[in-house]
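Reading through the structure tokens given below for one structure.
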Amino acid sequence: MTTAPTILSAIGFVGFVAGLVVLVSIPASSGRLFNRQTKTLIIAAFAVYVYALGIDMVEATFRGTLLGELRSLGQILFPIFMLMALMSGHAAQQMLDLRRSQTALRRSNEFMLDLVDSSPAGMLFLAPHGLIVFANKTARDILDLSEDPETGLLETGGWVATCSCGVRCDRLECLLDPHGPGPYQMTLEWPSGWTIRLKIHTEILADEAGNVGGVVATFERPSAREVDREPEAV
Amino acid sequence: MGGTVAEALALEAFRIARLLVALTVLPFVVYISRDVRVPNVIMWYILSLIAVCASYFFSVIEGFAAAELMDLMQHVSLASAGALAFVAAVATRRQVRVEGDAS
Chain A
35 MTTAPTILSA
45 IGFVGFVAGL
55 VVLVSIPASS
65 GRLFNRQTKT
75 LIIAAFAVYV
85 YALGIDMVEA
95 TFRGTLLGEL
105 RSLGQILFPI
115 FMLMALMSGH
125 AAQQMLDLRR
135 SQTALRRSNE
145 FMLDLVDSSP
155 AGMLFLAPHG
165 LIVFANKTAR
175 DILDLSEDPE
185 TGLLETGGWV
195 ATCSCGVRCD
205 RLECLLDPHG
215 PGPYQMTLEW
225 PSGWTIRLKI
235 HTEILADEAG
245 NVGGVVATFE
255 RPSAREVDRE
265 PEAV
Chain B
147 MGGTVAEALA
157 LEAFRIARLL
167 VALTVLPFVV
177 YISRDVRVPN
187 VIMWYILSLI
197 AVCASYFFSV
207 IEGFAAAELM
217 DLMQHVSLAS
227 AGALAFVAAV
237 ATRRQVRVEG
247 DAS
């Protein structure tokens, strides 16, 4: 005889089975909340409960058997699997957010770099120890800078810079020790005799304690008058 | 006779343990679900889990009082849990479809 509890159990069973079928039919995607891991865990939760309800409906047949005892395990596992599925979805969401923010950051960085590179003025950043850490496209062209493929550092073409005060340096490091108000007149001389004169504006970057983090130097492209070639020896 | 009492006590102990496990998990589920951005989907899973917890609760009470009523309530909870689980699955499919269309 069909009783109300049996009908209700059947409704629950059918609901979970239908839900299971729907879940299995959903395609999992690695870049989404419902990824393969989340899908597996939800399906596992539904499956163990389908099993538990199924055994429940025909309890008399399986009472005292291993299959009957496993029903209890299914009933305990259901909430645990649900929690795990939710945690997996939450982790997937965080990964998704992280990936989105990384993409946004990379695009912003590329935009800023394009902006700086498109500037007609040369811009470079000198680290406190004198290394040229960054140079935009114009500065690389004017100063003949090339990136060392092994170290990633910017190397000069062998020129020597001479400040208007007479200080000579290999890498513009004299700009780190400002001597009087800028801009500074610098003469850069290549071993081949090629010489350019630059008017360099500097901006020292320092933290609140006054520790110098580096210097931003900007200069314009030298005009023809400021570019000299030493007369070749006869 | 003694065996029947022992079995009943063991069954009751299992039902209480089962309820405790579910009740321990439930707050974590609710807490984590607050951060998940698809509340209209998660809600159905949580409701289904709550219905399952309710069925465990009624099965514990069944051993002490109003056995028939509690048995009925337990099965009503189970039927609700099944229906809610189905709704949750359908909501998940709809959400995945919407995400697919959006990307």
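Residue numbers (this note's numbering), protein chains in the order written: chain A, 35 to 268; chain B, 147 to 249.
Heads up, the beta-carbon is just placed ideally off N, CA and C, and yes, glycines get one too.
For F160(B), the chain A residues whose C-beta falls within less than 8 Å of its own C-beta are S106, listed in chain order.
Looking at the backbone, the Cα of T72(A) and that of G246(B) are separated by about 17 Å.
By the Cβ rule, the segment 116 to 127 of chain A counts as touching the segment 166 to 179 of chain B, because three or more pairs are nearer than 8 Å. With respect to chain A, the C-beta atom of F232(B) has a partner C-beta closer than 8 Å.
Within the DSSP secondary-structure output, V249(A) pairs in a beta bridge with L160(A) and I238(A). With fewer than 16 other Cβ atoms inside 10 Å of its own Cβ, N245(A) counts as exposed.
Rounded to the nearest angstrom, the Cβ distance from L218(B) to A38(A) is 6 Å, consistent with a contact under 8 Å.
Look at I230(A) here: in three-state DSSP terms it is strand. R243(B) carries a helical assignment under DSSP once its states are collapsed to helix, strand and coil. Scanning its chain for C-beta atoms nearer than 6 Å, with the 5 sequence neighbours on each side dropped, one finds around D151(A) the residues N170 and K171, in chain order.
Under the DSSP definition of a beta bridge, I166(A) partners with L160(A).
Membership of A195(A) in any alpha helix (DSSP H) is not indicated; the residue belongs instead to the beta strand (DSSP E) covering V194 to C197. Judged by their CB atoms, A79(A) and A119(A) are nearer to each other than the 8 Å cut-off. Under the three-state reduction of DSSP, S257(A) is assigned to coil, being neither helix nor strand.
Using beta-carbon distances, E153(B) does not count as an interface residue toward chain A, since no partner is under 8 Å.
Out of K233(A), L179(A) and T229(A), the CA that lies nearest to the CA of S198(A) is found in K233(A).
Within the segment 75 to 147 of chain A, complete alpha helix (DSSP H) segments of at least 4 residues are found at 93 to 96, given in chain order.
Look at E184(A) here: in three-state DSSP terms it is coil, with no helix or strand label. In this structure, the straight-line span from the alpha carbon of V250(A) to that of P225(A) is close to 26 Å. Within chain A, the C-beta atoms nearer than 8 Å to that of V182(B) come from L67, L120, G123, H124 and Q127, in chain order. The Cβ atoms of V206(B) and Q127(A) lie no closer than 8 Å to each other.
Contact of L218(B) with chain A by beta-carbon distance below 9 Å involves A38, P39 and L42. Look at I60(A): its C-beta is under 8 Å from a C-beta on chain B.
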